[in-house]
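What follows is a short report on a single structure.
2 protein chains.
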Amino acid sequence: MGGAIAKALRTQCGVTQKRLFACDQDNDTLNAAQQAGLICKGFDVSHADARGVGEMLALCDIVFLCLNPSSILRFLEQWKDSFKNNCVVTDIAGTKASIAAAAEKFCEYRKNDNIDFIPGHPMAGAEKSGFNNSSLCNFNEKNYILTPISRNEPNNLEFLKSIIYKMGFSRITEVTPVEHDRKIAFTSQLCHVIAAALIDCESDLEITRFGGGSFEDLTRIAMLNAPMWTELFMENRSALLDRVEQFEKSLDDLKTLINSDNAKELEKRLSLVRERRVEMSRKD
Amino acid sequence: MGGAIAKALRTQCGVTQKRLFACDQDNDTLNAAQQAGLICKGFDVSHADARGVGEMLALCDIVFLCLNPSSILRFLEQWKDSFKNNCVVTDIAGTKASIAAAAEKFCEYRKNDNIDFIPGHPMAGAEKSGFNNSSLCNFNEKNYILTPISRNEPNNLEFLKSIIYKMGFSRITEVTPVEHDRKIAFTSQLCHVIAAALIDCESDLEITRFGGGSFEDLTRIAMLNAPMWTELFMENRSALLDRVEQFEKSLDDLKTLINSDNAKELEKRLSLVRERRVEMSRKD
């Protein structure tokens, strides 16, 4: 995702190569991004002498933290003194409650330096991670969620939103971190749990001979980044388990209708589902 | 699906318009197909004087029965005497046990006339039905399942398979009706039940603001044809309920892992899921 954002900044937002920096724990990724004409310089965060990261942060007017939630908290703790005065910080993590709390704390800590942290979540992942697959992340017509904290400056929020639209996203929704985590537990995490369960319960590797698109569509995201999704599930456990239970209730209702031979009621319920899904598409 | 097959026969298999006939309960559909240069003549099966259907069947060397399972059984019963001697009959129904039994019975009934019925299932549906949406059914690179009965003539089977490949399908798998129904309960029906349950448990019509592709991919098929899917679920109830329960077991396992805070075990299980899904793609 970091690579995809760097590409969008270069190609969609008119940011020149000499004004783009990146840090990563993989030096090959940094070299590839530099050779691709994306970034001016890369800073190896895993290097024993990681002072370069601080040097980089001291140069940046805007910083995208493209890490999982726990790494963002660690990064902020380690480098909180290195961010440039007046800079705007944002992130892309898939859960927002802990990030919003960390953003509050960080802004408070650097309040005399006018640093602003606006938590965000671009809804545009890909099954494959890594810089080599970053072009698979297509931002066009995608959603972006922001969960601003009360102290965010309106002009910084407008600045970040203008960049997001330039990157290709078509809709920005602002909600509280709690609301974000509750919605995302449904649209993203529950869907990944379901896809994983579908693959978990079938051992026939040649089952795709019997696929007509539905199975493929429902399980593509089962090719997930296991460590990242484990963290997201655990981080948002409470909201996710609520959603799993709501889903199980609906599944159980449908199962009961199928088992009861009550074709009329089943058809009625499926018709309501169809209408609701069509209506959701209209709102889209 | 009937319209899509007619188009494929015309454009991919070199069948001329004057050799293609269709019957339907909607006269507008028949007129549209004729005006589109697809069929020579349409026969309105719902018409009080439906004798035309018998006249049509007497002309056909190959017949595609594009109906749901119960309608196929009724059609065969009503028109069993009208099929042309030596003709090859096939169908497209999503469950095969009852169709294979009906095919046996029908072939036995017309055994002196050398009529052959080879049950089949093209894995290439679309959310939207009707002739106007028939171009949404894309057969290219799709799967086709055949469940031949023991009395099917090898040369008829080869003839049907050659047409299927010409229509664009890339893989034909031959299995028993029971095996078909067991596999399809998983790849198709369970997936539709899951998609329906996902929509059933969420009433927020603007939830797509929080969608990043996963939710959309998992619920597209919730825009289902309720009467048809009700019949398919009911027809294949036993195999489908088995699959729902296998899925529920895996879902419950994942839920337990998320709830137990056992990140290590959850990550291990998700890694196995990822590997299995990647392997399935390789076999695809």
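Top to bottom, those sequences are chains A and B.
Residue 386, in our numbering, is where the first sequence stops; the numbers in between run on with no holes.
Residue 386, in our numbering, is where the second sequence stops; the numbers in between run on with no holes.
Even glycine gets a Cβ: it sits at the ideal position worked out from N, Cα and C.
For residue i versus residue j, is the C-beta spacing smaller than 7 Å?
i, j, result
"Gly144(B)", "Leu161(B)", "no"
"Ala110(A)", "Phe241(A)", "yes"
"Ser148(B)", "Gln180(B)", "no"
"Cys189(B)", "Ile220(B)", "no"
"Ala202(B)", "Pro256(B)", "no"
"Thr197(A)", "Leu326(A)", "no"
"Pro215(B)", "Asn187(B)", "Inspection of the sequence shows that residue 215(B) is occupied by Asp rather than by Pro. Against a cut-off of 7 Å, the Cβ pair of Asn187(B) and Asp215(B) comes out as a contact."
"Cys115(A)", "Lys268(A)", "yes"
"Thr192(A)", "Leu262(A)", "yes"
"Ala324(B)", "Ile360(B)", "no"
"Ala226(B)", "Cys209(B)", "no"
"Asp319(B)", "Asp319(A)", "yes"
"Asn338(B)", "Ala297(B)", "no"
"Ser316(B)", "Cys293(A)", "yes"
"Ala124(B)", "Met336(A)", "no"
Since residue i and residue j are thought to touch, with beta carbons under 8 Å apart, how far apart are those beta carbons, to the nearest angstrom?
i, j, result
"Ser352(B)", "Ala299(A)", "4 Å"
"Ser471(B)", "Gly105(B)", "This structure gives no information on residue 471(B), because the portion of chain B shown stretches from 103 to 386."
"Ile174(A)", "Ala152(A)", "Contact flag wrong, Cβ pair sits at about 17 Å."
"Val295(A)", "Val346(A)", "6 Å"
"Ser272(B)", "Lys244(B)", "7 Å"
"Ala108(B)", "Ala134(B)", "11 Å between Cβ atoms; not a contact."
"Gly222(B)", "Ser184(B)", "Going by Cβ atoms, the distance from Gly222(B) to Ser184(B) rounds to 21 Å, so no, they are not a contact pair."
Answer yes or no: does any C-beta atom of chain B fall closer than 7 Å to that of residue i?
i, result
"Ser196(A)", "Note that residue 196(A) corresponds to Gly in the displayed sequence, not to Ser. Cβ-Cβ to chain B under 7 Å: no for Gly196(A)."
"Glu281(A)", "no"
"Ala106(A)", "no"
"Thr278(A)", "no"
"Ala110(A)", "no"
"Leu334(A)", "no"
"Glu381(A)", "yes"
"Thr289(A)", "yes"
"Thr113(A)", "no"
Step through the CB atoms of chain A and report whether any lies within less than 7 Å of the CB of residue i.
i, result
"Lys285(B)", "yes"
"Pro95(B)", "What the structure shows of chain B is the stretch from 103 to 386, and residue 95(B) is not part of that stretch, so it cannot be assessed."
"Ser172(B)", "no"
"Leu320(B)", "yes"
"Ala204(B)", "no"
"Ile266(B)", "no"
"Leu161(B)", "no"
"Cys168(B)", "no"
"Lys263(B)", "no"
"Leu122(B)", "no"
"Glu377(B)", "no"
"Gly270(B)", "no"
"Glu369(B)", "yes"
"Val117(B)", "no"
"Ile323(B)", "yes"
"Lys385(B)", "yes"
"Thr275(B)", "yes"
Can you pull the chain C neighbours of residue i, defined as C-beta to C-beta under 9 Å?
i, result
"Met103(A)", "Of the protein chains in this structure, namely A and B, none is chain C."
Contact set between the region 339 to 363 of chain B and chain A, restricted to residues whose Cβ is under 9 Å from the partner: Arg339, Leu342, Leu343, Arg345, Val346, Glu347, Gln348, Phe349, Glu350, Lys351, Ser352, Leu353, Asp354, Asp355, Leu356, Lys357, Leu359, Ile360, Asn361, Asp363
Check whether the region 300 to 317 of chain B touches the region 342 to 356 of chain B, taking contact to mean three or more Cβ pairs, one atom from each stretch, closer than 8 Å. By the C-beta criterion, the region 300 to 317 of chain B is judged not to be in contact with the region 342 to 356 of chain B, since fewer than 3 inter-stretch pairs fall below 8 Å.
Can you list, in chain order, the residues of the region 175 to 201 of chain B whose Cβ is nearer than 8 Å to any Cβ on chain A? For the region 175 to 201 of chain B, which is checked against every Cβ of chain A, not one residue is closer than 8 Å.
Pairing CB atoms from the region 169 to 176 of chain B with CB atoms from the region 314 to 333 of chain B, are three or more of them under 8 Å? yes
Chain B contacts from the region 229 to 258 of chain A (Cβ-Cβ distance under 8 Å): Lys244, Asn245, Ile247
Taking three-plus beta-carbon pairs below 8 Å as touching, is the region 272 to 287 of chain B in contact with the region 245 to 261 of chain B? Proximity of the region 272 to 287 of chain B to the region 245 to 261 of chain B meets the contact definition, three or more beta-carbon pairs being nearer than 8 Å.
Taking only beta carbons into account, state which residues of the region 129 to 159 of chain A come closer than 9 Å to chain B, listed in chain order. Going along the region 129 to 159 of chain A in chain order, one finds no residue with a Cβ nearer than 9 Å to chain B.
Which residues, in chain order, does the region 209 to 228 of chain A contribute to contact with chain B at a C-beta distance below 7 Å? Met225, Ala226, Gly227
Which of the residues in the region 293 to 308 of chain A, read from start to end, lie with their CB under 9 Å from any CB of chain B? Cys293, His294, Val295, Ile296, Ala297, Ala298, Ala299, Leu300, Ile301, Asp302, Cys303, Glu304, Ser305, Asp306, Leu307, Glu308
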